[in-house]
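Report on one structure; see the data block that follows.
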Amino acid sequence: MATDGHPLNDKMTGPAVAFMESQIKDPELRNLVRPESQFLRKDLVRYTQTGVVSTQDGQEKEREFDVIMFGTGFNVAQYLEHENIRGLHGIDLQTKWKDYSEALYGLATSDFPNMFYCFGPKSGQVWSSQQDTWEHQARSVAKAVRVVLSKEHQGIEFAMHPK
1142 MATDGHPLND KMTGPAVAFM ESQIKDPELR NLVRPESQFL RKDLVRYTQT GVVSTQDGQE
1202 KEREFDVIMF GTGFNVAQYL EHENIRGLHG IDLQTKWKDY SEALYGLATS DFPNMFYCFG
1262 PKSGQVWSSQ QDTWEHQARS VAKAVRVVLS KEHQGIEFAM HPK
């Protein structure tokens, strides 16, 4: 869990993580909170093909990850503006979304096959709970990942907007 570095935020990190872990009642989900899972607390420099590069004690260090989950904060007006995210053929997400940002069900966009997000572009609504929306989106992403990783679909390229 990363904070802004303020001492009070850092002081609350341990109790906050312990509380969040105590809220996972489902044994199957609880099994996912394992020692090999880690929270990156250092400054993120860039994403790589296999993980991320971050700074640690003034040195850049590459860390390999199977899954990267990150929070963008509350600056929703500039969605992912501060991130340099590249998709297929080197396309930049900000360039793709310059004139019109879109996402299939607010979850994924074409040319970025390994990137999913909750509450993405055009997914906001005011007639129901955001918590319910996030839960539905998380289930949909998990289902999509299971399909992509299944043996019968290996070697198939998936598209969010089939062409």
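Numbering-wise (the working numbering), the sequence shown opens with residue 1142 and increments by one. Here a beta-carbon is modelled for each residue, glycine too, at the ideal position from N, C-alpha and C. Only a predicted model underlies this, so the values are computations on that prediction, with no experimental measurement involved.
Is it true that the CB of serine 1264 sits closer than 8 Å to the CB of alanine 1285? Going by beta carbons, alanine 1285 and serine 1264 fall outside the 8 Å limit.
What residues in its chain sit with their C-beta under 6 Å from that of lysine 1304, if we drop five residues either side in the sequence? Low confidence applies here, because lysine 1304 scores a pLDDT of 45, under 50, leaving its location unreliable; read the following figure in that light. Answer for lysine 1304: no residue qualifies.
Going by C-alpha distance, which of Gln1200, Thr1236, Gly1199, Glu1205 is nearest threonine 1189? For the residues Gln1200, Thr1236, Gly1199, Glu1205, the minimum Cα distance to threonine 1189 belongs to Glu1205.
Along the chain, which unbroken stretches of the beta strand (DSSP E) at least 3 residues long are found entirely within the segment 1229-1256? If one requires a minimum length of 3 residues, no beta strand (DSSP E) run lies completely within the segment 1229-1256.
Please state the DSSP three-state secondary structure of valine 1158. Helix, per DSSP.
Pairwise C-alpha distance: histidine 1230 and serine 1251: CA-to-CA, the gap between serine 1251 and histidine 1230 works out to about 12 Å.
Would you tell me roughly how many angstroms separate the C-alpha atoms of asparagine 1225 and serine 1195, rounded to the nearest one? Between asparagine 1225 and serine 1195, the C-alpha separation is close to 14 Å.
Secondary structure of lysine 1292, DSSP reduced to three states: In the structure shown, lysine 1292 sits in a helix (DSSP, three-state: H, G or I).
Segment limits, beta strand (DSSP E) that includes tyrosine 1188: From DSSP, the beta strand (DSSP E) with tyrosine 1188 extends over 1185-1188.
Should isoleucine 1297 be counted as a contact of the ligand FAD given a C-beta to heavy atom distance under 7 Å? Looking for the ligand FAD in the displayed structure turns up nothing, as the structure carries no ligands at all.
Between leucine 1234 and glutamine 1278, is the Cβ-Cβ spacing less than 8 Å? At a Cβ-Cβ threshold of 8 Å, leucine 1234 and glutamine 1278 do not count as neighbours.
Do you know whose CA, among Val1193, Met1210, Val1208, Ile1209, lies nearest lysine 1202's CA? Ranked by Cα distance from lysine 1202, the first of Val1193, Met1210, Val1208, Ile1209 is Val1193.
At the level of alpha carbons, what is the spacing between leucine 1185 and proline 1254? Taking the Cα positions, leucine 1185 is about 22 Å away from proline 1254.
Tell me whether the beta-carbon of tryptophan 1275 lies closer than 8 Å to the beta-carbon of phenylalanine 1257. Tryptophan 1275 is not a Cβ neighbour of phenylalanine 1257, given a cutoff of 8 Å.
Cβ neighbours of isoleucine 1209 in the same chain (closer than 8 Å, five flanking residues each side left out): Here the set comprises Tyr1188, Gly1192, Val1193.
Secondary structure at glutamine 1164, three-state DSSP: helix, strand or coil? Glutamine 1164 falls in the coil class under three-state DSSP.
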